[in-house]
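Inspection log for the structure reproduced underneath, given as structure tokens.
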């Protein structure tokens, strides 16, 4: 009997060892299973309780804060709190002294409650990451406190959600960079960074000193910051997506951040080409750039930035060019200057981008893995040609072609609508191209009037209904391929010749985002759909098309369902 009991005792003891517990806990889902582990024995309770409390996630409208947080709160390292108000923070934060990550979402908390925690010496030393979406806090109130009391921060992401822009002085931002010497990522949204000779005359520092009086405990630290002021920041990611800032202010900021790897520009009407073209010289390590409707920039300025100089030329892996002034000239410059390095290209909502520049991208950018084209003026003609006409056919694993050639239909449409036949012919062209992409895993596409084609999938012509021989398909489609019908019911000009035959392979899609399928799926159709997408792990489809029965079928198939509004294919981060 002792020989039989020995393995059980060894197993129990092994699962109480911290190194083993930490190794396997990250794979345990759902998290409530950890609570059961704590009930096995005293040794397991001591080993597993810290992991049970390590990450807390509360939603004020749904969850009740447990009273046991007073006993176990010192284990909490990460706190995600949705919709909290001031009283809720008083019930949680005092009992979480070892908190390293604080995330407060969609909140009306005030500095009256948040400031004391940030100013707490122990709390300020342990905090590494802060993510806030706040309505009642101003940048000039919060940023000086972070600079003075939370100097070990590595990640800052703050969205000031009040009406209008939250104003802060440039000197406050520079003080934050110099004080937080470990800072790696900084993201500010809805902030107007004003030069020191402008603004309201209050950078927030006076208010802090007025509250605290004389604080001798930080004098040595302030002196140390002055000694380090000549040192460059370690910042790697700078996200100014919704920030107003002048050329002068941003120039000084970039001069302090030579280690930047990613810069994200957004709706900034003050920024000009004069500053942008200096980025390769100031931040030569940058491999990720994002421009979202840069109001003050021109296509020639961004093209010059991408081209660089012989001594300073960026090698970009990620590039987002959204909205005006993105045009064919700029995109061609991308194809010629970034062909060796570019991995992700996001051109969503760039309506001036056409087939002319897209052909250059597809021909030259042979390392491309992700291509996002929703909202461009690209047509199905780019899908034509042999497999190797796309230089990236061996690497591309993500494609967003929503709206390309597929005409929109209302949810309840006439089966005889002329747009349906147009969409079927366009779909044949797109389908051939998709079946030429062996690495494709993520696809976003429009399917208006194409329910049968969607259910059948890609590379499945020999399976089930809708079977179509490759030879007959090539012969019969030679006249139809790429045909579009204009709004007068007249056919468009003759299409290009069909592509060369390529051996068909089942496309192993893992993520599929569907736009426009009309009525709900029947259970029978949905069963066929799941069979034809055996590798699918995430399905994005508008909620009205999925009922409880279909949700159950997705769970059985281990497929995650998401609303299209949560679109992960956008790759905006």
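In this note's numbering, the protein residues as written are 408 to 980. Don't be surprised by glycine CBs; every beta carbon is placed ideally from N, CA and C. Fair warning: this is a prediction, and the values are worked out from it, not measured in the lab.
query	result
Option in 866, 813, 721 with minimal Cα separation from residue 695	721
CA-to-CA distance, residue 914 to residue 549, given in whole angstroms	50 Å
Among 923, 783, 545, the one whose alpha carbon lies nearest that of residue 598	545
Three-state secondary structure assigned by DSSP to residue 456	helix
Proximity winner among 581, 538, 746, relative to residue 566 (alpha-carbon distances)	538
Backbone CA spacing between residue 921 and residue 786 [nearest angstrom]	19 Å
Exposed unless 16 or more other CB atoms sit within 10 angstroms - verdict on residue 963	exposed
Between the CA atoms of residue 482 and residue 458 - distance to the nearest angstrom	8 Å
Of the residues 817, 866, 861, the one placed nearest residue 841, counting alpha carbons only	866
Beta bridge counterpart(s) of residue 540 as assigned by DSSP	566
At least 3 beta-carbon pairs within less than 8 Å: the segment 514-526 vs the segment 573-593	no
Simplified DSSP state of residue 487, which is helix, strand or coil	strand
Cβ neighbours of residue 737 in the same chain (closer than 7 Å, five flanking residues each side left out)	706, 709, 710, 728
Under 9 Å between C-beta atoms of residue 742 and residue 806	no
Same chain only: Cβ atoms within 8 Å of residue 748, ignoring 5 sequence neighbours per side	694, 722, 723, 724, 774
Proximity to residue 476 [Cα-Cα], best of 690, 505, 930, 767	505
Expected contact under 8 Å - CB spacing of residue 781 and residue 751 to nearest Å	Actually they are not in contact, since the Cβ atoms of residue 781 and residue 751 sit about 14 Å apart, beyond 8 Å.
Closest residue to residue 563 among 646, 754, 718 (Cα-Cα distance)	646
Residue 765 versus residue 699 - alpha carbon distance	19 Å
C-alpha gap between residue 589 and residue 644, whole angstroms	12 Å
Rounded separation between residue 862 and residue 835 - CA only	14 Å
Residue 491 and residue 465 closer than 9 Å at C-beta	yes
Sequence-distant residues of the same chain with beta carbon closer than 8 Å to residue 467, five excluded per side	488, 489, 490, 491, 492, 495
CB of residue 570 within 9 Å of CB of residue 533, strictly	no
Length of the line joining the Cα atoms of residue 663 and residue 739	32 Å
Identified DSSP bridge partners for residue 466	489
Within 9 Å, strictly: CB atoms of residue 860 and residue 831	yes
One or two residues paired with residue 859 in a DSSP bridge	Paired residue(s): none; residue 859 is not in a bridge.
Residue 649 beta carbon less than 9 Å from that of residue 678	no
Bridge partner(s) assigned by DSSP for residue 708	According to DSSP, residue 708 bridges with nothing at all.
Whole-angstrom distance between residue 474 and residue 460, CA atom to CA atom	13 Å
Separation of residue 735 from residue 828, as counted between CA atoms	30 Å
Closest residue to residue 718 among 666, 692, 857 (Cα-Cα distance)	692
Beta-carbon proximity check, residue 855 vs residue 924, cutoff 9 Å	yes
Outcome for residue 817 when other beta-carbon atoms lying within 10 angstroms are tallied against a minimum of 16	exposed
Nearest to residue 946 (by Cα), restricted to the options 675, 927, 507, 918	918
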